[in-house]
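This note's numbering puts the first residue of the sequence shown at 35, with every later residue one more than the last.
Quick reminder that beta carbons are idealized off the backbone N, C-alpha and C, glycines included.
Below is one structure, written out as structure tokens; the observations come after it.
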Amino acid sequence: KPIAEHDDAKAQDLAAKLPGPTGRMVAAGASCLSLSREVMEEQMFEVMQKTKARVNSMLPLLAISAAAAPLLGLLGTVTGIMDTFKAIEIYGTGDVKTLSGGISEALITTEYGLIVAIPALLLHAILSAQARGITSRMEASGLAFINEFLKRGATQGN
């Protein structure tokens, strides 16, 4: 409650003890307690926007990897099947070894596409949820901090 008690130094110390990006955002607000509400909100918003950009920066790459890997696997499947048909055209259907190379290529590329896509998709989902959680905690803490600032102003007659 340092903000409500009109003790800027205590508010800044409390903010410095908060972990991670939420602490950095609240510290930015605490450094502006003697300034206007708008300045304080802008400082906090700037820290939150930078954090959002940082935590979301690699998510598009994961999403693209998860989407593109099966397509690359499918491309390999198509080329493997095309090779199999070429082998059938040249050698006929009598020799299984002739057919197995193209079929093997088709299955291997499909497998590798899925090996890349599934973990990328799961990682994207996990990191997206964590990014949303960080952002939500920052927003909630920022609102609580600003509400305390407004209470302080009301008790001082501002």
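Could you give the DSSP three-state label for residue i: helix, strand or coil?
i      : result
Ser68  : coil
Pro104 : helix
Leu52  : coil
Met92  : coil
Asp42  : helix
Gly63  : helix
Thr113 : helix
Where residue i and residue j are concerned, what is the direct C-alpha to C-alpha distance, given to the nearest angstrom?
i      : j      : result
Arg88  : Ala163 : 14 angstroms
Phe183 : Thr169 : 21 angstroms
Leu96  : Met172 : 24 angstroms
Lys185 : Leu177 : 12 angstroms
Leu155 : Ala100 : 5 angstroms
Phe119 : Lys84  : 54 angstroms
Leu67  : Pro53  : 20 angstroms
Ser175 : Met74  : 14 angstroms
Near residue i, what residues of its chain come up, given a Cβ to Cβ distance below 6 angstroms and the 5 sequence neighbours on each side ignored?
i      : result
Val150 : Ala103
Asn181 : none
Arg58  : Val81
Can you find the residues in the same chain that come closer than 7 angstroms, C-beta to C-beta, to residue i, ignoring five residues on each side of it along the sequence?
i      : result
Tyr146 : Gly107
Phe79  : none
Report all residues from its chain with a CB closer than 8 angstroms to the CB of residue i; omit the five preceding and five following residues, and keep chain order.
i     : result
Arg71 : Ile180, Phe183, Leu184 and Gly187
Gln77 : Ala62, Gly63, Ser65 and Cys66
Quick one: does the C-beta of residue i sit closer than 7 angstroms to a heavy atom of the ligand FMN?
i      : result
Phe183 : Ligands in the displayed structure: none, and consequently the ligand FMN is not present.
Item to check | Any 3 or more C-beta pairs closer than 8 angstroms across the stretch 110-118 and the stretch 128-145 | outcome: A contact between stretches requires three or more CB pairs, one per stretch, nearer than 8 angstroms, and the stretch 110-118 meets this requirement with the stretch 128-145.
Item to check | Within the stretch 131-179, ranges of the beta strand (DSSP E) (whole runs, at least 3 residues) | outcome: Counting whole runs of 3 or more residues, the stretch 131-179 contains no beta strand (DSSP E) stretch at all.
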